[in-house]
Amino acid sequence: MSGCAPARKFHPLTCPTLWAPAQPTMTSLKINEQVRSSSAPDETPLLWVLRDELGMTGTKFGCGMALCGACTVHVNGQATRACLTPVGSVAGRPVHTIEHMQSDRVGRVVQQTWVDLNVAQCGYCQAGQIMSAVALLKTSPKPSEAQIDNAMSGNLCRCGTYPRIRAAIQLASRRLAGEKA
Amino acid sequence: MNRTDSLMLRRRFLQVSTAPFALVMGLDVEAQATAPQKYGADTMPGGTVDNPLVFVSIAEDGAVTIVAHRAEMGTGVRTSLPMVVADELEARWDRVKVVQAGADEARFGNQNVDGSRSVRHFFEPMRRVGAAARQMLEAAAAARWSVPVSEVKAVQHEVLHTATGRRLGFGDLAAEAARQAVPTREQLQLKTPADWRYIGKGKTAGIDQIAISRGQASYGMDVLLPGMVFAVLARPPVVGGRLRQADTEAALKVPGVLQVVEIPGFKGAPGFQPLGGIAVVARNTWAAMQGRNALNPQWDDGANGRYDSTAFRREQEQAVKAPGTVFRDNGDAPKVISEAPEGRRFSADYFVPHLAHATMEPPVATALVNEQGCEVWTSTQNPQAALDGVAATLGLQPAQVKVNVLLLGGGFGRKSKPDYVTEAALVAKALPGTPVKLVWTREDDIHHGYYHAVSLDHLEAALGPDGLPEAWLHRTAAPTITSLFAPGSKAAAPFETGMSATNMPFNVPHVRVEQAEVAAHARIGWFRSVANIPHVFATQSFVNELAHRAGQDPLRYALALLGPDRKIDPSTISDVFNYSESPQQYPIDTGRMRAVIEAAARGARWGRKLPKGHGLGLAFAYSFVSYTATVVEVAVKPDGDLSIVEVDMALDCGPQINPERIRAQMEGAAVMGLSLALTGEITFQNGRVQQSNYHDYEVLRHAQSPRTIRTHLVGGDPTLPPGGVGEPPVPPVAPALVNALFAATGKRIRSLPVRQQLRKA
Numbered sequence: 001m002s003g004c005a006p007a008r009k010f011h012p013l014t015c016p017t018l019w020a021p022a023q024p025t026m027t028s029l030k031i032n033e034q035v036r037s038s039s040a041p042d043e044t045p046l047l048w049v050l051r052d053e054l055g056m057t058g059t060k061f062g063c064g065m066a067l068c069g070a071c072t073v074h075v076n077g078q079a080t081r082a083c084l085t086p087v088g089s090v091a092g093r094p095v096h097t098i099e100h101m102q103s104d105r106v107g108r109v110v111q112q113t114w115v116d117l118n119v120a121q122c123g124y125c126q127a128g129q130i131m132s133a134v135a136l137l138k139t140s141p142k143p144s145e146a147q148i149d150n151a152m153s154g155n156l157c158r159c160g161t162y163p164r165i166r167a168a169i170q171l172a173s174r175r176l177a178g179e180k181a
Numbered sequence: 182m183n184r185t186d187s188l189m190l191r192r193r194f195l196q197v198s199t200a201p202f203a204l205v206m207g208l209d210v211e212a213q214a215t216a217p218q219k220y221g222a223d224t225m226p227g228g229t230v231d232n233p234l235v236f237v238s239i240a241e242d243g244a245v246t247i248v249a250h251r252a253e254m255g256t257g258v259r260t261s262l263p264m265v266v267a268d269e270l271e272a273r274w275d276r277v278k279v280v281q282a283g284a285d286e287a288r289f290g291n292q293n294v295d296g297s298r299s300v301r302h303f304f305e306p307m308r309r310v311g312a313a314a315r316q317m318l319e320a321a322a323a324a325r326w327s328v329p330v331s332e333v334k335a336v337q338h339e340v341l342h343t344a345t346g347r348r349l350g351f352g353d354l355a356a357e358a359a360r361q362a363v364p365t366r367e368q369l370q371l372k373t374p375a376d377w378r379y380i381g382k383g384k385t386a387g388i389d390q391i392a393i394s395r396g397q398a399s400y401g402m403d404v405l406l407p408g409m410v411f412a413v414l415a416r417p418p419v420v421g422g423r424l425r426q427a428d429t430e431a432a433l434k435v436p437g438v439l440q441v442v443e444i445p446g447f448k449g450a451p452g453f454q455p456l457g458g459i460a461v462v463a464r465n466t467w468a469a470m471q472g473r474n475a476l477n478p479q480w481d482d483g484a485n486g487r488y489d490s491t492a493f494r495r496e497q498e499q500a501v502k503a504p505g506t507v508f509r510d511n512g513d514a515p516k517v518i519s520e521a522p523e524g525r526r527f528s529a530d531y532f533v534p535h536l537a538h539a540t541m542e543p544p545v546a547t548a549l550v551n552e553q554g555c556e557v558w559t560s561t562q563n564p565q566a567a568l569d570g571v572a573a574t575l576g577l578q579p580a581q582v583k584v585n586v587l588l589l590g591g592g593f594g595r596k597s598k599p600d601y602v603t604e605a606a607l608v609a610k611a612l613p614g615t616p617v618k619l620v621w622t623r624e625d626d627i628h629h630g631y632y633h634a635v636s637l638d639h640l641e642a643a644l645g646p647d648g649l650p651e652a653w654l655h656r657t658a659a660p661t662i663t664s665l666f667a668p669g670s671k672a673a674a675p676f677e678t679g680m681s682a683t684n685m686p687f688n689v690p691h692v693r694v695e696q697a698e699v700a701a702h703a704r705i706g707w708f709r710s711v712a713n714i715p716h717v718f719a720t721q722s723f724v725n726e727l728a729h730r731a732g733q734d735p736l737r738y739a740l741a742l743l744g745p746d747r748k749i750d751p752s753t754i755s756d757v758f759n760y761s762e763s764p765q766q767y768p769i770d771t772g773r774m775r776a777v778i779e780a781a782a783r784g785a786r787w788g789r790k791l792p793k794g795h796g797l798g799l800a801f802a803y804s805f806v807s808y809t810a811t812v813v814e815v816a817v818k819p820d821g822d823l824s825i826v827e828v829d830m831a832l833d834c835g836p837q838i839n840p841e842r843i844r845a846q847m848e849g850a851a852v853m854g855l856s857l858a859l860t861g862e863i864t865f866q867n868g869r870v871q872q873s874n875y876h877d878y879e880v881l882r883h884a885q886s887p888r889t890i891r892t893h894l895v896g897g898d899p900t901l902p903p904g905g906v907g908e909p910p911v912p913p914v915a916p917a918l919v920n921a922l923f924a925a926t927g928k929r930i931r932s933l934p935v936r937q938q939l940r941k942a
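Protein sequences, first through last, are from chains U and G. So for the first sequence, this note's numbering puts the first residue at 1; every next one is plus one. So for the second sequence, this note's numbering puts the first residue at 182; every next one is plus one.
Given below as structure tokens:
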């Protein structure tokens, strides 16, 4: 346990030596419109910096190979799998996570639509589903079925909520269009 | 047998009704016969508890807190059961807060969320909880006003004195109500179904939906504690294997790695014990994974190192060629079949491979061991078994172990086996005072699961002049779940053959059901709907093949085979299981079965003219004392590429407590059923699982999912005892799919997964 305070005295959110104790450089991150810093080595996946170091657990671990989409975040507005994104590669670039979506016009509508249609069963994959859906609706406000397939097929749901997710994306699209009008 | 073994065995004995295990394990059958037979929740550890003081508390501001004693894995139980309490209590749903109970079956009753039992076993007890609390509030108000209790009535968070119009809020009465005597069972006045506000209405929003949509819901994976460290475990790749050596120095050199901890392998049968291995503890999950990568562990594989799926399938195919253990014998099916003329005899073999649950949240547990004992935070279907396993393995008293239950990122049966919780506790024991989160990676999950049994089912029939079978022989060969608890066990339990094999309800005079014994070389476990998956796949495919032989429409043929509406006492067809429910209370009602078949067929507009390359397939099942039918429409292109056009799912589960969540379970079951049918397959070579992640253990994705899944709720009689919901809709999906593919292409698929079998080169 060398290099860190005795158990129960430090917290993952505050312990400066949570990662490599002697890591000299800090990576400056722009997460959810806030500047955060990470002591993790550059090659560390963003997922584990978010979850273990910054305590932001809304972004989920599902596969570690960008196969399931549970860890989807936005980097420069693009849906990105945090589990394979080295933290060093997002230094200084805007990262948004599920925790920010209440402050995002599209995100807020998508989240409310998810609730209204009772989309979630276990819910574990839904943060990633919502992040992919928000990115889709920002680039394609009226997505076709094929666009939904393309944007969403990297997000797995083992409970089988796919038809409701599709319905929620279509309803959110209509709601967003109505909001504009 | 060590303590864990005996403890786990006991739990399973109680869990699955004693009757089936009596045959397998050689319990004293005579003693059983003299004791009154128990059914339903009474067969489960902890039974049921209906004391309102355990489940309900009311604050002075009127806030009602209801305990959810069963874990949420996606079925909606954390909403549905508290909703039942709130309804009988006359509480306003917007004033209700739900708190999650930790493990304590002595206090709360059974907590094992497994076997589609939550509503089935706790609907009535939770009604009593709510009604008792309501009557205590009414009694308190009557006392305050010095009027007979018959003159007061609880209405939506207030108690009214109808004659004078006086009213008191629940909060005003809370303290006095708590001092009232808890009504006896005889004094309880349950609402009539007509007065239900929430039950059956489907208007109650899921209590976790908002938190989930905002990333604020807390799963076992999300536990963060002060001073927490993170661990991953290198486990023997073969069940029963042992660690020979590992490069712990290399692991410890990885930045962030703090410690390595060896975990002993299980003794005796695997049960819910850890597989053993060596854990790497680090400052974060990523560092722990890197440390494990550096370990280069060497293993002694043991006897299961020879397990090979391909060879095992040949063994199963051989096994079903010879008569096996007879589970049901009416008339003389083998004789009738052997004497039937050539054109009226028919047989086929069906295959379902091993499956992995692959919950989106892999198994994970956090444990803290200190001088007081052990505290655990985890996502588990079976909190009490987790507690008992930790206590037994760490040598603690159960009272020294606390298990906190978080949301489960999927369960499907995997998380009813708390091996991962004991692992975390054992690692935490090596770091006293430090909370340890032990994370399974996806590869760990696929490699070290409790797999659905690989199953080979042999069917034979002799058809009469009307094309319907006069004789039916079903011989099943699958490794048994009992091998988890009894080393080397090959004999299926009635709870396995009783899932759509023994209890086949068709109107056939000569029936024989047998099990051909094969050994287990992996951990075999429950997977959503369990042995119904292979048995329904085989029997429902076979019925479809018989209809084709007879030149009859599959729907009409199925209804004719089912025969006249009647209630079958399962014990009269040799089924001693019946999901542990009373055969009198829960007979197999072929009328209810017919109604779901007709509902699914009607929904799919059975008989309509279909586009070229399209086909409709039907299948149905009685499972977890509910009735389900599925119709799948497929489209197959000339090159064999297939897609699912629509699915119709029908279910009669008796009373419909939360219809909206029932529909969600049916939709999800359609997708999970299609996943396992199209791509689900775990294979073994040299005792090792050959798949590792979602690229080679594929599950259905958005683009492959049917866009339309229609759900048809049938029946709903509130006077019937409730049936299961979570599992029943799964089994008919795979056979409905292959029956549809046959209708579309004329090609019969008898071996799952379908994958590329229709592809033309």
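Note that beta-carbon positions come from the ideal geometry of N, C-alpha and C, so glycine has one too.
* Asked: With a cut-off of 8 angstroms, does the C-beta of E552/G fall near any C-beta of chain U?
  -> Here residue 552/G corresponds to residue number 371 of the second sequence, with the count starting at 1. It does not; no Cβ of chain U falls within 8 angstroms.
* Asked: What is the residue span of the beta strand (DSSP E) that L341/G lies within?
  -> Counted from its first residue, the second sequence places residue 341/G at position 160. Element bounds for L341/G: E339 to H342.
* For the stretch 250-326 of chain G, list the alpha helix (DSSP H) runs that are entirely contained and at least 4 residues long, ordered along the chain. => 258-270, 286-289 and 299-326
* **Straight-line gap, G92/U to S38/U (C-alpha atoms, nearest Å)** => Residue mapping note: residue 92/U aligns to position 92 of the first sequence, counting from 1. Residue mapping note: residue 38/U aligns to position 38 of the first sequence, counting from 1. If I take the Cα positions, the gap works out to 12 angstroms.
* To do: Please confirm if A91/U has its CB atom under 8 angstroms from at least one CB of chain G.
  => Residue mapping note: residue 91/U aligns to position 91 of the first sequence, counting from 1. No, its Cβ sits nowhere closer than 8 angstroms to a Cβ of chain G.
* Opposing strand residues paired with H890/G [DSSP bridges] -> Residue numbering aside, residue 890/G sits at position 709 when the second sequence is read from its first letter. One detail in the question is off: residue 890/G reads as Ile in this sequence, not His. Answer is V828/G, bridged to I890/G.
* To do: Please go through the same chain and pick out, in chain order, the residues whose beta-carbon is closer than 7 angstroms to the beta-carbon of P913/G, but skip the five residues on each side of it.
  => Along the second sequence, one-based indexing puts residue 913/G at 732. Contacts found: V717, Q721, A800, F801, A802, T809, A810 and T811.
* Sub-8 angstroms separation of A282/G and A249/G beta-carbons -> As a working mapping, residue 282/G is identified with position 101 in the second sequence. As a working mapping, residue 249/G is identified with position 68 in the second sequence. Contact: yes.
* For the candidate residues R251/G, E339/G, A356/G and A358/G, whose alpha-carbon lies nearest to that of L349/G? -> Stepping through the second sequence from its first residue, residue 349/G is reached at position 168. It is E339/G.
* Can A609/G and T574/G be called in contact, C-beta distance under 8 angstroms? -> Here the question's residue 609/G lines up with position 428 in the second sequence. Here the question's residue 574/G lines up with position 393 in the second sequence. No.
* Is there contact between the stretch 138-153 of chain U and the stretch 83-92 of chain U, where contact requires at least three CB pairs shorter than 8 angstroms? -> no
* Asked: In chain G, which residues lie with their C-beta within 9 angstroms of the C-beta of K60/U?
  -> Within the first sequence, numbered from 1, the residue matching residue 60/U stands at position 60. G396, Y400, M402, D403, M541, E542 and G590, listed in chain order.
* Closest Cβ-Cβ distance between G64/U and chain G: below 8 angstroms? -> On the first sequence, residue 64/U is found 64 positions in, with the first residue counted as 1. Yes - at least one Cβ of chain G is within 8 angstroms of the one on G64/U.
* **Burial state of L137/U (16 or more Cβ within 10 Å)** => For the purposes of this step, residue 137/U is taken as residue 137 along the first sequence, with counting starting at 1. Counting Cβ neighbours within 10 Å, L137/U comes out buried, since at least 16 surround it.
* chain G partners of V115/U, CB-CB under 8 angstroms? -> By one-based count along the first sequence, residue 115/U stands at place 115. Neighbours of V115/U on chain G, chain order: A386, Q390, I391 and S394.
* First and last residue of the alpha helix (DSSP H) that includes Y601/G? -> Residue numbering aside, residue 601/G sits at position 420 when the second sequence is read from its first letter. It spans D600 to K610 - the alpha helix (DSSP H) in which Y601/G sits, taken as one unbroken run.
* C-beta neighbour in chain U for F758/G, strict 8 angstroms -> Walking along the second sequence from the start, residue 758/G turns up at place 577. Judged by the 8 angstroms Cβ criterion, F758/G is not in contact with chain U.
* Return the CA-CA distance between C63/U and A168/U, expressed in angstroms with no decimal places. => The residue labelled residue 63/U in the question sits at position 63 within the first sequence. The residue labelled residue 168/U in the question sits at position 168 within the first sequence. Near 25 angstroms, if we compare the C-alpha coordinates of A168/U and C63/U.
* Within this structure, are the beta carbons of P417/G and G352/G separated by less than 8 angstroms? -> For the purposes of this step, residue 417/G is identified with residue 236 of the second sequence, where counting begins at 1. For the purposes of this step, residue 352/G is identified with residue 171 of the second sequence, where counting begins at 1. Result no, Cβ atoms of P417/G and G352/G do not sit closer than 8 angstroms.
* Can you name the residues of chain G whose CB is closer than 8 angstroms to the CB of E53/U? -> For this step, residue 53/U is matched to residue 53 along the first sequence. Those within 8 angstroms of E53/U in chain G are N465.
* To do: Would you check if the distance between the CB atom of T889/G and the CB atom of P163/U is smaller than 8 angstroms?
  => Counted from its first residue, the second sequence places residue 889/G at position 708. Counted from its first residue, the first sequence places residue 163/U at position 163. Result yes, Cβ atoms of T889/G and P163/U sit closer than 8 angstroms.
* Asked: Which full runs of the alpha helix (DSSP H) of 4+ residues lie inside the stretch 352-394 of chain G, going along the chain?
  -> 390-394
* Asked: Can you give the Cα-Cα distance for E498/G and F532/G, rounded to whole angstroms?
  -> Counting from one through the second sequence, the residue named residue 498/G turns up at place 317. Counting from one through the second sequence, the residue named residue 532/G turns up at place 351. Those two C-alpha atoms are separated by around 9 angstroms.
* Could you name each continuous alpha helix (DSSP H) segment of 4 residues or more that falls completely within the stretch 53-136 of chain U, going from the start of the chain to the end? => 105-116
* Residue interval of the alpha helix (DSSP H) (run including K516/G) -> Numbered from its first residue, the second sequence carries residue 516/G at position 335. Segment A514 to E520, the alpha helix (DSSP H) holding K516/G.
* **Straight-line Cα distance separating Q440/G from A943/G** => Any answer about residue 943/G is impossible in this case: the structure gives chain G only from 182 up to 942.
* Asked: Should the stretch 472-484 of chain G be called in touch with the stretch 426-433 of chain G, which here means at least 3 C-beta pairs below 8 angstroms?
  -> yes
* Check the Cβ-Cβ distances between E99/U and every residue of chain G, and say whether any is below 8 angstroms. => Start at 1 with the first residue of the first sequence, and residue 99/U comes out as number 99. Cβ-Cβ to chain G under 8 angstroms: yes for E99/U.
* Using a Cβ cut-off of 7 angstroms, pull out every chain U residue sitting near A851/G, in sequence order please. => The count along the second sequence starts at 1 and reaches residue 851/G at position 670. Simply G160.
* Interface flag, V711/G vs chain U, CB-CB below 8 angstroms -> Position 530 of the second sequence, counting from 1, holds the residue named residue 711/G. Answer no: the Cβ-Cβ gap between V711/G and chain U never drops below 8 angstroms.
* To do: Let me know if S299/G comes out buried or exposed under the rule of 16 or more other beta-carbons within 10 Å of its beta-carbon.
  => One-based indexing of the second sequence puts residue 299/G at position 118. Its Cβ being crowded by 16 or more others within 10 Å, S299/G is buried.
* Taking all protein chains shown into account, do 16 or more other C-beta atoms lie within 10 angstroms of the C-beta of D42/U, making it buried, or fewer, making it exposed? -> Within the first sequence, residue 42/U is the residue found at index 42, counting from 1. Exposed, by the Cβ-count rule.
* Along the chain, which unbroken stretches of the alpha helix (DSSP H) at least 4 residues long are found entirely within the stretch 432-517 of chain G? -> 466-474 and 490-500
* Whose C-alpha, out of Y601/G, N839/G, E862/G and R526/G, is nearest the C-alpha of Q562/G? -> As a working note, residue 562/G is residue 381 in the second sequence. The candidate whose alpha carbon is nearest that of Q562/G is Y601/G.
* Asked: I825/G and V817/G: beta carbons closer than 8 angstroms?
  -> The residue given as residue 825/G occupies position 644 in the second sequence. The residue given as residue 817/G occupies position 636 in the second sequence. No; because the gap between Cβ atoms is not below 8 angstroms, this pair is not in contact.
* Evaluate Q26/U with the Cβ neighbour count: other Cβ atoms within 10 Å of its Cβ, from every protein chain shown; 16 or more gives buried, anything less gives exposed. => Reading the first sequence from its first residue, position 26 is the one you call residue 26/U. Before going on, a small fix: residue 26/U reads as Met here, not Gln. Exposed, by the Cβ-count rule.
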